[in-house]
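See below for the structure under consideration.
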Amino acid sequence: MRFLLPLLAFLALAVVLGLGMRRDPRALPSALVDQPAPAIGLPLLHDPQQRLDTAPLRGQVWLLNVWASWCEPCRAELPALKVLAARDAVPLYGLNYKDRDAAARALLAQVGNPYIASAVDADGRVGMDFGVHGVPETFVIDAAGRVRLRHTGPVTAEVWRDKLMPAVRTLR
1 MRFLLPLLAF LALAVVLGLG MRRDPRALPS ALVDQPAPAI GLPLLHDPQQ RLDTAPLRGQ
61 VWLLNVWASW CEPCRAELPA LKVLAARDAV PLYGLNYKDR DAAARALLAQ VGNPYIASAV
121 DADGRVGMDF GVHGVPETFV IDAAGRVRLR HTGPVTAEVW RDKLMPAVRT LR
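Residue numbering for the sequence shown follows the UniProt record's numbering, starting at 1 and increasing by one per position.
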């Protein structure tokens with residue numbers, strides 16, 4: 001009897017840990033899915049006198065990719081994003097997150113700029129509005145301006161083909 005209580009506690013703990021091991025650690029729930037996308041209104045990386053206004057994007061499906069020059073996965077995904085977004089004619093905008101402008105411009109000049117425009121989120125406030133946990137993250141925004149999908153981690157050809165493009169096609 002004195003071993004029964006520790007045994008039951010161990011079994012309960014094993015069940016909880018077992019359930020936790022079955023979850024995808026990259027799957028972060030987003031409270032924004034099916035909600036209006038937060039306004040951006042930040043200065044553009046390549047033209048700080050201009051701002052990224054998302055109101056004119058209403059009526060089309062578009063992607064927002066959150067990135068930074070200090071992020072190695074971001075650096076790796078930029079060339080693929082350039083090719084994929086151009087190939088599939090998907091409007092792709094960037095949100096340069098907690099970065100230095102000069103370093104961000106240098107990276108895009110070096111590896112290629114996949115973005116129609118990229119806004120500078122120097123203090124991370126807009127990223128916080130989007131619920132960004134880390135970079136890179138990519139959001140699919142529908143024609144009504146609602147977030148329909150959030151992908152955490154780098155965009156690869158497989159992620160583009162199996163996750164992002166099916167969502168874009170469905171929303172178009």
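Don't be surprised by glycine CBs; every beta carbon is placed ideally from N, CA and C. All figures in this text were calculated on a predicted structure; none of them were measured in a lab.
Quick check on residue i: does DSSP put it in helix, strand or coil?
{"i": "VAL168", "result": "helix"}
{"i": "PRO56", "result": "helix"}
{"i": "GLY124", "result": "coil"}
{"i": "VAL135", "result": "coil"}
{"i": "ARG51", "result": "strand"}
{"i": "VAL147", "result": "strand"}
{"i": "ALA119", "result": "strand"}
Have a look at the options and flag the residue whose alpha-carbon is nearest the alpha-carbon of residue i.
{"i": "LEU57", "options": "ASP142, ARG169, ARG150", "result": "ASP142"}
{"i": "ARG105", "options": "LEU42, ALA68, MET128", "result": "ALA68"}
{"i": "ALA119", "options": "ALA9, LEU64, ALA12", "result": "LEU64"}
{"i": "VAL155", "options": "ALA144, GLN35, VAL66, ARG125", "result": "VAL66"}
{"i": "ASP53", "options": "GLY145, ALA12, ALA80", "result": "GLY145"}
{"i": "VAL83", "options": "ARG2, ALA14, ARG161", "result": "ARG161"}
Applying the 10 Å Cβ sphere with the 16-neighbour rule, what's the burial state of residue i?
{"i": "HIS133", "result": "exposed"}
{"i": "GLY94", "result": "buried"}
{"i": "GLU77", "result": "buried"}
{"i": "residue 179", "result": "Residue 179 is absent from the structure shown; the chain starts at 1 and stops at 172."}
{"i": "GLU137", "result": "buried"}
{"i": "ASP123", "result": "exposed"}
{"i": "ARG169", "result": "exposed"}
{"i": "ARG150", "result": "buried"}
If you draw a straight line from the C-alpha of residue i to the C-alpha of residue j, how long is it?
{"i": "TRP70", "j": "ASN113", "result": "16 Å"}
{"i": "LYS98", "j": "MET128", "result": "11 Å"}
{"i": "GLY131", "j": "LEU171", "result": "22 Å"}
{"i": "LEU32", "j": "LEU7", "result": "42 Å"}
{"i": "LEU107", "j": "ARG75", "result": "8 Å"}
{"i": "PRO91", "j": "VAL140", "result": "10 Å"}
{"i": "ASP88", "j": "ALA167", "result": "13 Å"}
{"i": "ARG125", "j": "LEU42", "result": "10 Å"}
{"i": "ALA85", "j": "ASP101", "result": "23 Å"}
{"i": "PRO73", "j": "ALA157", "result": "14 Å"}
Please list the terminal residues of the continuous alpha helix (DSSP H) segment that includes residue i.
{"i": "ARG87", "result": "72-87"}
{"i": "LEU32", "result": "LEU32 -> no alpha helix (DSSP H), and no H or E assigned at all."}
If you follow the beta strand (DSSP E) that residue i is in, where does it begin and where does it stop?
{"i": "residue 197", "result": "Here the chain has residues from 1 to 172 only, and residue 197 is not among them."}
{"i": "LEU95", "result": "92-97"}
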